[in-house]
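*Asks:* I have a structure I would like to understand better, so I am pasting it below and will then ask my questions one at a time.
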Amino acid sequence: MQTSSDRHEYPAHWEADVVLRDGGTARIRPITADDAERLVSFYEQVSDESKYYRFFAPYPRLSAKDVHRFTHHDFVDRVGLAATVGDEFIGTVRYDRIGAGGRPATGAEADEAEVAFLVQDAHQGRGVASALLEHIAAVARERGIRRFAAEVLPANTKMIKVFTDAGYTQKRSFEDGVVRLEFGLEPTDRSLAVQYAREQRAEARSVQRLLAPGAVAVIGTGRAPGGVGRSILGNIRDGGFTGRLYAVNGALPQGQKELDGVPAFRSVRDIDGPVDVAVVAVPAERVPEVVAECGEHDVQGLVVVSAGYAESGPDGRERQRALVRQARSYGMRIIGPSSFGVINTSPEVRLNASLAPDMPRAGRIGLFAQSGAIGVALLSRLHRRGGGVTGVTGLSTFVSSGNRADVSGNDVLQYWYEDADTDVALMYLESIGNPRKFTRLARRTAAAKPLVVVQGARHGAGPRGHAVRATQLPHATVSALLRQAGVIRVDTITDLVDAGLLLARQPLPAGPRVAILGNSESLGLLTYDACLAEGLRPHPPQDLTTAASAADFHAALSHALADDSSDAVVVTAIPSVGEGSVGDATLAEALRSAAAEQPTKPVLVVHVELGGLAEALSAATSTAPQPGAASGPDPTPRTGERVKPRAAADEGAPADEKGAPAPAPPPEGTHPIPAYPAAERAVRALAQAVAYGQWRRDAADPGKVPEYEDIDERGAAALIEGMLARGQGLTLTTEATCELLAAYGVHVHRALPAPTPDAAAEAARTLGHPVALKATAPHLRHRADLGGVRLDLADEEQLRRAYAELTELFGGPEELRPVVQRMAPRGVDTVVRAVIDPAAGAVLSFGLAGAASQLLSDMAHRLIPVTDRDATSLVRSIRTAPLLFGWRGSAPVDTPALEELMLRVSRLVHDHPEVVAVTLEPVVVAPHGISVLGASVRLAPPPARDDHGPRTLPAY
């Protein structure tokens, strides 16, 4: 063991699980003296060529001195990290701090280190070195090292590529036959882009391995029919899985080779050939044994449907942690436990490894559900053709994460982002383990394809099985941040399906203008009112009367779609009677043909008691790809761009729940038309599409974070360092708050204490009349409605009279804590806040000051760093925003100055993670200029790692 003289305390927070390029996992941790034998074994497995590249000479074995040097570190000036799978090293990296002339050095004065890697040949090409570089760079920054230097032989092109591809600012030189690379370690836009791209590819690949396996083993297939394992086995077999399928049951009689027509084995280790995914359906107490067998057989991933984990209490939670640790030690990822299963409808895979008895129709919608019960409900609603959302819909993939102990919604988003078979992503979430990462991934995904989310457990704790970081933000704030990231937030699973159906098959509307037409005046008016309630701009409904023919519908829809004053059309239809009544199929064909003439605008149908019309339109609501089509249209067409349509399911599609054959595909050149049984549901889905389309257009130009020449970033850093030296976390004094904010160009009006009437008079003489007298006691602060403020005191007499009134009403000066402040120009009182939430990250909030806004929760929020466009929209996002823009004849206030203030606060918090809370209240926004009358700042030591740190999986 290393002694205290060799080392500092073991840095456990450097340990991390990572996903490698091929989707497998590895653990990165510091190397210690206990690793001597592992290091020797690792080195023996490295090829002579790799050893030569590492040491620039033949180096067949490590000497005892080498082993001691490479395993004894002080974790400051000498650090070594290892990537491990199981108990074996697969790669190592180390740095040694150096000073002038490249000699070993100690202390913060030497901010450069020499770095070197060695990766086992069998694991080269998996991204091991890239992951190690991210982690050793983060360690070095934590220890005050700002630059790395590396010497590499010219022939070692793989290692040179690791350094050059990392995205850091580099300097390269060539001397004495060696390439010397030097690069700074501060994250750059390019290095972060490289890191996020690698993260996306690795996590997407890890999910792809679970959803598109070549061979699946179902472990826990009971000998008697029924049971979870046996059911899943049958579902995979009956779904037409294109790969190899095996049944595994340790209780099978010796000599039994088959179960339900599937090759059967007593252990996964008995299978002759690779197994990519194992579906685990054994009792929880037997799972560790199964995981070990799978790991020894090089299984790539597990779908654990077994229950009895964190959802069952503390013992189950520890059992769940052990499950994740054990699986990751073998490089495997887990879906579950308590998972409902996974589905992939791709013709190349056709995997139904779930408890859903029927394989869903193939389509373009990806579905993720944390709850098995909700997953069943969503699958049922998307599958059936009658009832809720009418028409056939289809899935590309389905993932039920259960307790989401490992694979989460973030991982599935990474997969869907690049999945050509998924056009729309639907997610049911009961908890968000890493909201900061989720919003980052959601923003990128939403820029490519719609992402619709419904959140359960909004008003209480999430499911017991979910291990999540606590957030201090209310649900409304988290929802606002998700909407800012482009997420389409809905409230129910019905809304989730409604929005998904529209977005899957109709183009995005160019704006909020809606044409309404149909054969019922009353239904048209209901639709009109619903549009107004959702913030849309409907035209007066066009009543075709109940005598309208299919030709009338066709003509009216064609005219509405050709009208430049409309962005979308809602068609309403009720049953007609009499000899001339329109047949359902005839009406559906009339609507389809009219929509085909103008395919750039969305069309929705609201039907009442027209099951036949819904069924006829179902051919137009399938999301299945057109038979024989190599690929579908661009999943996220720009508004107004002509889209190549897809047809409905092919002739081989399964029958619906009543046994009827799937409808024939609509003619080429048509958009499938979604139908809704209620106007409110159709309009709500349309409003979501309108808002999302506007977000897409705005996201094309997100704005920029302005640079201000008067910001003193270094001066602020020095102030913060000095203040934090006095304590771990502290709220700054008024003087310190003003000094720190002034470094970022935020100037707070002076407030002088007034413990006596004479002190108040002296303060007023110092500041100059007119002044304000304010009580700053916690129960009166920022509560002008309680009478704790006296304004426009023009002279000493008025000031003394006001002082007497306050003390008479509220108590003595020691209780009131009165201050005197020079009067600011009249305006609108607002509040600007910034806070670093442990889960969501840095958030900037804005609203009007006062009890009314607090009661209405009328605050708007944006993620930091805020751009100029974010600041502009933030000011306009609150419901009381008209008060800033001349409401009822008042003078408009200086909103550009307000926006600049928010941008400066955003910069302060973004530049200095030690600033964990800022409150400016009130900020008086006058017609010309702003006045910050009150401010508070709280500091805390920054976290060891943040979202800019190296890639890691959630710790267990």
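The numbering used here applies: residue 452 is where the sequence shown begins, and numbers increase by one. We put the beta carbon where it would ideally sit given N, CA and C, even for glycine. Model, not experiment: these values are computed from the prediction.
Between which two residues does the beta strand (DSSP E) harbouring T476 extend?
*Replies:* Within the sequence shown, the letter at position 25 stands for residue 476. Per DSSP, T476 belongs to the beta strand (DSSP E) from 476-481.
*Asks:* On a CA-only basis, which of V738, Q865, A588, S1324 is nearest L753? Give me that one, please.
*Replies:* Stepping through the sequence shown from its first residue, residue 753 is reached at position 302. It is V738.
*Asks:* With a Cβ-Cβ cutoff of 8 Å, do L1203 and V1271 count as a contact?
*Replies:* For the purposes of this step, residue 1203 is taken as the residue at position 752 of the sequence shown. For the purposes of this step, residue 1271 is taken as the residue at position 820 of the sequence shown. Result yes, Cβ atoms of L1203 and V1271 sit closer than 8 Å.
*Asks:* Near S498, what residues of its chain come up, given a Cβ to Cβ distance below 6 Å and the 5 sequence neighbours on each side ignored?
*Replies:* As a working note, residue 498 is residue 47 in the sequence shown. Excluding sequence neighbours, S498 sits near D572.
*Asks:* Quick one: Cα of R1232 to Cα of D1321, how far?
*Replies:* Mapped onto the sequence shown, residue 1232 falls at position 781. Mapped onto the sequence shown, residue 1321 falls at position 870. Using only the alpha carbons, I get a separation of about 30 Å.
*Asks:* Give the DSSP-derived three-state secondary structure of D1209 in the structure shown.
*Replies:* Along the sequence shown, one-based indexing puts residue 1209 at 758. Helix, per DSSP.
*Asks:* Can you grab the Cα-Cα spacing for the pair L401 / S797, in whole Å?
*Replies:* Absent from the model: residue 401. The displayed extent of the chain is 452 to 1407, so no value can be given.
*Asks:* Looking only at its chain, what residues have a beta carbon closer than 6 Å to the beta carbon of P714, apart from the 5 residues adjacent to it on each side?
*Replies:* Against the sequence shown, residue 714 aligns to sequence position 263. Result list for P714: Y697, in chain order.
*Asks:* From R940, A1332, V1326, pick the residue whose C-alpha is nearest to that of Y879; which is it?
*Replies:* Indexing the sequence shown from 1 puts residue 879 at position 428. Considering only alpha carbons, the answer is R940.
*Asks:* For G552 and D562, I'd like the C-alpha separation in whole angstroms.
*Replies:* Taking the first residue of the sequence shown as position 1, residue 552 is located at position 101. Taking the first residue of the sequence shown as position 1, residue 562 is located at position 111. Rounded to whole angstroms, G552 to D562 spans 13 Å at the Cα level.
*Asks:* For L1170, is the classification buried or exposed, using 16 other Cβ atoms within 10 angstroms of its Cβ as the cut-off for buried?
*Replies:* Along the sequence shown, one-based indexing puts residue 1170 at 719. The residue in question, L1170, is buried, as its Cβ has 16 or more Cβ neighbours within 10 Å.
*Asks:* Can you give me the Cβ contacts of P1343 inside the same chain, cut-off strictly under 6 Å, excluding the 5 residues immediately before and after it?
*Replies:* By one-based count along the sequence shown, residue 1343 stands at place 892. Excluding residues within five positions, the ones whose Cβ falls inside 6 Å are F1336, G1337.
*Asks:* Classify L1404: buried if its beta carbon has 16 or more other beta carbons within 10 angstroms, exposed otherwise.
*Replies:* The count along the sequence shown starts at 1 and reaches residue 1404 at position 953. With 16 or more other Cβ atoms within 10 Å, it is buried.
*Asks:* Please report how far the alpha carbon of D468 lies from the alpha carbon of D857, in whole angstroms.
*Replies:* As a first step, residue 468 is located in the sequence shown; it is residue number 17 there, counting from the start. As a first step, residue 857 is located in the sequence shown; it is residue number 406 there, counting from the start. Cα to Cα, D468 sits roughly 11 Å from D857.
*Asks:* In its own chain, which residues sit with a C-beta less than 7 Å from the C-beta of E1040, not counting the 5 before and 5 after it?
*Replies:* By one-based count along the sequence shown, residue 1040 stands at place 589. Within the same chain, E1040 has no close Cβ partners at all.
*Asks:* Return the CA-CA distance between P1401 and H1230, expressed in angstroms with no decimal places.
*Replies:* Numbered from its first residue, the sequence shown carries residue 1401 at position 950. Numbered from its first residue, the sequence shown carries residue 1230 at position 779. Computed Cα separation, rounded: 45 Å.
*Asks:* Under 8 Å, with one C-beta from each stretch per pair, do the stretch 709-723 and the stretch 823-833 reach the 3-pair mark?
*Replies:* Result no; under three Cβ-Cβ pairs closer than 8 Å.
*Asks:* Find out if the Cβ-Cβ distance for the pair T873, S851 is shorter than 8 Å.
*Replies:* As a working note, residue 873 is residue 422 in the sequence shown. As a working note, residue 851 is residue 400 in the sequence shown. No, the Cβ-Cβ distance between T873 and S851 is not below 8 Å.
*Asks:* If A1001 and L1038 are in contact, beta carbons under 8 Å, what's the gap, nearest whole angstrom?
*Replies:* Position 550 of the sequence shown, counted from the start, is the residue given in the question as residue 1001. Position 587 of the sequence shown, counted from the start, is the residue given in the question as residue 1038. Confirmed, Cβ separation roughly 5 Å.
*Asks:* Mind checking P1050: buried by the 16 CB within 10 Å criterion, or exposed?
*Replies:* Position 599 of the sequence shown, counted from the first residue, corresponds to residue 1050. P1050 is buried by the Cβ-count criterion.
*Asks:* Ordered along the chain, which non-local residues of its own chain (more than five positions away) have a Cβ less than 7 Å from that of A1275?
*Replies:* Here residue 1275 refers to the residue found at position 824 when the sequence shown is read from its first residue. For A1275, where only same-chain residues beyond five positions count, the Cβ hits under 7 Å are H1200, V1375, S1382, L1384.
*Asks:* Specify, as a first and last residue, the run of the beta strand (DSSP E) that Y546 falls within.
*Replies:* Numbered from its first residue, the sequence shown carries residue 546 at position 95. First-last of the beta strand (DSSP E) with Y546: 539-549.
*Asks:* Which value, in whole angstroms, describes the spacing of the CA atoms of E1102 and R812?
*Replies:* Along the sequence shown, read from residue 1 onward, the residue named residue 1102 stands at position 651. Along the sequence shown, read from residue 1 onward, the residue named residue 812 stands at position 361. Reliability of the predicted coordinates at E1102 is poor, the pLDDT of 30 falling under 50, and no value is obtained from them.
*Asks:* Would you say the stretch 669-680 touches the stretch 490-497, given that touching needs at least three Cβ pairs under 8 Å?
*Replies:* With a cut-off of 8 Å, the stretch 490-497 and the stretch 669-680 do not count as touching, because too few Cβ pairs lie within range.
*Asks:* Is it buried or exposed, A1075, if we count other Cβ atoms within 10 angstroms and call 16 or more buried?
*Replies:* In the sequence shown, counting from the first residue as 1, residue 1075 sits at position 624. Any reading at A1075 is ruled out, since the residue's pLDDT is 36, under 50, leaving its predicted position unreliable.
*Asks:* Assign E650 to one of two classes, buried (16 or more other C-beta atoms within 10 Å of its C-beta) or exposed (fewer than that).
*Replies:* Here residue 650 corresponds to residue number 199 of the sequence shown, with the count starting at 1. Buried.
*Asks:* Could you say which of D1035, A1046, A1019 lies nearest to A1006 if we only look at CA atoms?
*Replies:* What you label residue 1006 is simply residue 555 of the sequence shown in a count that begins at 1. For A1006, the nearest C-alpha among the options comes from A1046.
*Asks:* Give the straight-line distance between the Cα atoms of T928 and E565, rounded to the nearest whole angstrom.
*Replies:* Taking the first residue of the sequence shown as position 1, residue 928 is located at position 477. Taking the first residue of the sequence shown as position 1, residue 565 is located at position 114. T928 and E565: Cα-Cα distance of roughly 45 Å.
*Asks:* Tell whether a beta-carbon distance below 8 Å holds between H1312 and A1168.
*Replies:* Walking along the sequence shown from the start, residue 1312 turns up at place 861. Walking along the sequence shown from the start, residue 1168 turns up at place 717. Taking 8 Å as the Cβ cut-off, H1312 and A1168 do not qualify as a contacting pair.
*Asks:* How close, in whole Å, do the beta carbons of G1239 and R1273 come, if the pair is a contact with beta carbons under 8 Å?
*Replies:* For the purposes of this step, residue 1239 is taken as residue 788 along the sequence shown, with counting starting at 1. For the purposes of this step, residue 1273 is taken as residue 822 along the sequence shown, with counting starting at 1. Wrong, their Cβ atoms sit about 18 Å apart, outside the cutoff.
*Asks:* With 16 other CB atoms within 10 Å as the buried threshold, where does L983 fall?
*Replies:* Against the sequence shown, residue 983 aligns to sequence position 532. Exposed is the call here.
*Asks:* Take A600 as the anchor and find which of V630, L583, R887 has the nearest alpha-carbon.
*Replies:* For this step, residue 600 is matched to residue 149 along the sequence shown. Residue V630 is the option with its Cα nearest to A600.
*Asks:* Would DSSP call A1202 helix, strand or coil?
*Replies:* Mapped onto the sequence shown, residue 1202 falls at position 751. The answer is strand: DSSP assigns A1202 an E or B state.
*Asks:* Between the Cα of I786 and those of Q659, E1256, E1186, R964, spot the shortest distance and give me the residue it belongs to.
*Replies:* In the sequence shown, the residue the question calls residue 786 occupies position 335. It is Q659 whose Cα lies nearest to the Cα of I786.
*Asks:* Taking Cβ positions, are A1205 and P1289 nearer each other than 8 Å?
*Replies:* One-based indexing of the sequence shown puts residue 1205 at position 754. One-based indexing of the sequence shown puts residue 1289 at position 838. Not closer than 8 Å, so no.
*Asks:* So, at 7 Å on beta carbons, what are the nonlocal neighbours of S501 in its own chain, with the 5 sequence-adjacent residues on each side left out?
*Replies:* Along the sequence shown, one-based indexing puts residue 501 at 50. If we look at S501 and ignore the five residues flanking it on each side, its Cβ neighbours are L569, D572.
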